[in-house]
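Everything below concerns the one structure shown next.
In the working numbering, the protein residues as written are 34 to 312.
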């Protein structure tokens, strides 16, 4: 089964705005995450789909009713950190503190224990694998942060492309669900969400996903609330950055509608449950 996931963050959280919106300014910026997440919830309800919502703890703390609404609809709650800081910019101590703060908020609002994590900007890299044992110690049992590609901000190009146990502790551990890629020779092409879904022609996305399924592999799709926002605030930046960030916003919901007609999707929780039952 394929996995549908959403990283619930504000429009000013992406790393592309690094240094432009310090945390001290967040309360003064226009809030948009609540109404954009409601668009996602309405879409999922209409399509009768379940998904995993990785919440930034700061968002959950500010909008507790949003986390509760997501959980009450039967969706899974996961952590997307507390302050959306890249792990590559953190120490083990500051990472643990941020993670615990996030989990404290989310566990108090969810109707189930939070066991899933996705790092901001996929920032589990070879240099930050020290974070995995910390995830385990704080109760996380699966991670979906490794992207097996070359990228200017993230990626472990030679990481396994299938789910694998990234950390083992006796009979327990942490499973890694790497982001979906399609292999051409020695090159992994990312597919299945975010900017790649917005920038690729839909026919290319469809072709790549069908290729994954023919290979017997599950898809992991991801998106952000701001990608559904037709009134997304425009921030002045370089031409390439602007194209990378704003292209495809207007068509995003329609494209996702088409995609979910073509392929079945569910949450990480349901896939993990099926894995346990099969074993």
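The C-beta atom is built at its ideal place from N, Cα and C for all residues, glycine as well.
Per DSSP, the unbroken alpha helix (DSSP H) holding residue 69 starts and ends at 66 to 80. The three-state secondary structure of residue 304, taken from DSSP, is helix. The DSSP-derived three-state label of residue 219 is coil.
A direct Cα-to-Cα measurement between residue 257 and residue 212 gives close to 15 Å.
With a contact defined as Cβ atoms closer than 8 Å, residue 181 and residue 190 qualify at about 6 Å. Pairing residue 161 with residue 120 gives a Cβ-Cβ distance under 8 Å. The three-state secondary structure of residue 44, taken from DSSP, is coil. Counting only runs of at least 4 residues, the stretch 240 to 290 fully encloses the following alpha helix (DSSP H) elements, listed from N- to C-terminal order: 272 to 279. Under DSSP, residue 299 shares a beta bridge with 36. Comparing C-alpha distances from residue 81 to each of 199, 159, 37, 269 shows the shortest one belongs to 37. In the DSSP assignment, residue 173 falls outside any alpha helix (DSSP H) and carries neither an H nor an E. According to the DSSP assignment, residue 98 belongs to the alpha helix (DSSP H) that extends over 97 to 105.
For residue 207, the enclosing beta strand (DSSP E) begins and ends at 205 to 209. In this structure, the CA atom of residue 54 is about 27 Å from the CA atom of residue 74.
Under the three-state reduction of DSSP, residue 180 is assigned to coil, being neither helix nor strand.
For residue 155, the three-state secondary structure derived from DSSP is helix.
Linking residue 104 to residue 110 through their CA atoms gives a straight-line distance of about 7 Å. By a beta-carbon distance limit of 8 Å, residue 171 contacts residue 129. Their separation comes to about 7 Å. Of the other Cβ atoms in all chains shown, 16 or more fall within 10 Å of the Cβ of residue 285; this residue is therefore buried.
Within the model, the alpha-carbon separation for residue 276 versus residue 228 is close to 10 Å. DSSP places residue 160 outside any beta strand (DSSP E), giving it a letter other than H or E. Residue 34 is classed as exposed because its beta carbon has fewer than 16 other beta carbons within 10 Å across all chains shown.
Under the three-state reduction of DSSP output, residue 225 falls in the coil class, being neither helix nor strand.
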